[in-house]
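Residue numbers (our numbering): -6 to 437. Backbone N, C-alpha and C define an ideal beta-carbon position, used for all residues, glycine too. Keep in mind that this is a model prediction, so the values were computed, not measured. One structure is given below, encoded as structure tokens.
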Amino acid sequence: MTPGSFLLKRRLAAALMAAATALAAPHLFADDSSPAKPSYLQPFTDDASGMRIVRITGDPGSPLHHVEGTWGKDARHVYSKQQPWSADQKLFFVENRKGGKPSQLLLDGTTFAPVAALCEASALYDSRWHPSREHASERIGVDRDGRRLAWVNVLSCRVTRSWDLPFEVDGIGSGEGNPSRDGRFVALGKGKSLFVVDMDPRPPFAPYPARRIGPVYRLPDPGFGSDMPVDNISVSPSGRYVDVNYAGDTPETEDLHRILEVDPKTLELRPHRMAEGSLRCAPVQGQNEGWIFPAKHADMATDPADGEDVMVGGLACPGSSMGHVVKIRLKDGRVTALTQGGDEASVSHVSARNLERPGWVYVTYFYQHGKDGSDEIVALPLDGGGSPETWAHTLTASPGCYRCEAHAVPSPDGRRVAFASNWRGPGGRGSDGDAIEDYVVTRR
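Take a look at the structure:
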């Protein structure tokens, strides 16, 4: 199916879902109302989609069972760009907030029964699962002071590797960074200063515990009349690039990205020169020193078509008539629309954490009544062809409540998707008083 077929598929699916809603209950796919919230750990299959859905976090105040503590009012995975499943998918990480104890919890990656509290290693203040199966029980983290990077085995609570950092950093990319696909490189920084750490040096470099940290790079003034703050940073899947996502205060600058290249010998950073003819948007139109087409809530992936790093995110170029999901190749800035726009809803978040299912990205759409994709989680092929996959409606009322946003994220093998919801139906506004829980949908 071509990208042009995406809109037709959305309309057909909407008609089928509406018919099924009238015939079956409970039913997940309702446009303006919610069925009764599914019971904790009691899966059901949606008749229209064939998807298996289960609520994996419990009712607020209820006991965890098997682990000492209770469920909080806000119990969910962290974010669309943070993988909750370990690399071998045996464990699943959730935050257990608003009265929940323990505050960080490990679940069984299949049954989702609580297994243990996350060990109290200081380096796990801001952490990610190591993406390699060889280190599936380890998380890569930065401590609360931002002065120490470490690998921690969460089963034994043992620090297996650690590095003292050249200056205080803001977690792993300000909460949105990830290590490279092989778990070797990570980009760290704070404000306009950043550097790259080679956590697993390979020949001709001496192996760990040899220390290999690149020089500190100070980002130059973008030159747009204001000193735009940096929102987040991340190394690319290959480790060849670092994405710097700025946070300007205008529609034209709030989602700007600048790509830095990493010197493979020295780990030095410098702006990567893009192709002259690559599409960009004001105010960086015509500037190719690292600047690429703007994308919101984007994630990075390896494109199996050519093995290159790409960024996929929501359209963030005001006035553009392109599809709402765009792919940007980091090597040269080439832009490809993965959808065709039209009546398509706006993109909420994109996730490419399906490292073992290359060639796909998972998109969460905002609720916009009557729009194609409204409130849906959809998997899109990176090549712009093939058939998009509709996974679920999130049924969450998120306006006014950041933690109520679904932030859908696939498992490493791409066969399951986790999302958060207050289960109030997408047509209203969220509230800090809402009970927010996590759900997992599995394809039949």
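Bridge partner(s) assigned by DSSP for T38:
Along the sequence shown, read from residue 1 onward, the residue named residue 38 stands at position 45. In the DSSP output, where bridge partners are listed per residue, T38 has R45.
Candidates R205, M293 and L249: which alpha carbon is nearest C274's?
Numbered from its first residue, the sequence shown carries residue 274 at position 281. Of the listed residues, the one whose Cα sits closest to C274 is L249.
Whole angstroms is fine: what's the gap from G306's alpha carbon to R45's?
The residue you call residue 306 lines up with position 313 of the sequence shown. The residue you call residue 45 lines up with position 52 of the sequence shown. The straight-line gap from Cα to Cα measures roughly 27 Å.
Nearest residue (CA-CA) to N146, options A116, G168 and W284
Mapped onto the sequence shown, residue 146 falls at position 153. The candidate whose alpha carbon is nearest that of N146 is A116.
Can you give me the Cβ contacts of G216 inside the same chain, cut-off strictly under 7 Å, excluding the 5 residues immediately before and after it?
By 1-based counting over the sequence shown, the position of residue 216 is 223. No residues qualify anywhere along the chain.
Helix, strand or coil, according to DSSP, for H250 in the structure here?
Counting from one through the sequence shown, the residue named residue 250 turns up at place 257. H250: strand per DSSP, three-state reduction.
Can you tell me which of the three DSSP states E127 falls into?
Within the sequence shown, residue 127 is the residue found at index 134, counting from 1. If DSSP states are grouped into helix, strand and coil, E127 belongs with the helices.
Spell out the partners DSSP gives I165 in its beta bridges.
Against the sequence shown, residue 165 aligns to sequence position 172. None; I165 has no bridge partner.
Buried versus exposed, by CB contacts within 10 Å (16 or more), S32:
Position 39 of the sequence shown, counted from the start, is the residue given in the question as residue 32. Under this definition S32 is an exposed residue.
Exposed unless 16 or more other CB atoms sit within 10 angstroms - verdict on D258:
Taking the sequence shown and counting its residues from 1, the one referred to as residue 258 is at position 265. The sequence shown places Lys at residue 258, rather than the Asp named in the question. K258 should be labelled exposed.
If you draw a straight line from the alpha carbon of L158 to that of P172, how long is it in whole angstroms?
Counted from its first residue, the sequence shown places residue 158 at position 165. Counted from its first residue, the sequence shown places residue 172 at position 179. A direct Cα-to-Cα measurement between L158 and P172 gives close to 16 Å.
What three-state label does DSSP hand R396 in the structure shown?
Counting from 1 along the sequence shown, the entry for residue 396 is found at position 403. R396 falls in the helix class under three-state DSSP.
Write down every uninterrupted run of the beta strand (DSSP E) in the segment 312 to 377 whose length is 3 residues or greater and which is fully enclosed by it, in chain order.
318 to 322, 328 to 330, 340 to 344, 353 to 358 and 369 to 374
Is any non-hydrogen atom of the ligand ADP found closer than 7 Å to the C-beta of G207, if you look at the structure I gave you?
Ligands are entirely absent from the displayed structure, and the ligand ADP is therefore not among its contents.
The beta strand (DSSP E) with N477 in it runs from where to where?
Given a span of -6 to 437 for the chain in the structure shown, any question on residue 477 remains unanswerable.
Quick check: H123 and W156, are their CB atoms within less than 8 Å of each other?
Here residue 123 refers to the residue found at position 130 of the sequence shown. Here residue 156 refers to the residue found at position 163 of the sequence shown. Their beta carbons are not under 8 Å apart, which means H123 does not touch W156 by this criterion.
Limits of the beta strand (DSSP E) - the one that R422 falls within
As a first step, residue 422 must be located in the sequence shown, where it is residue number 429. First-last for R422: undefined, no H or E at that position.
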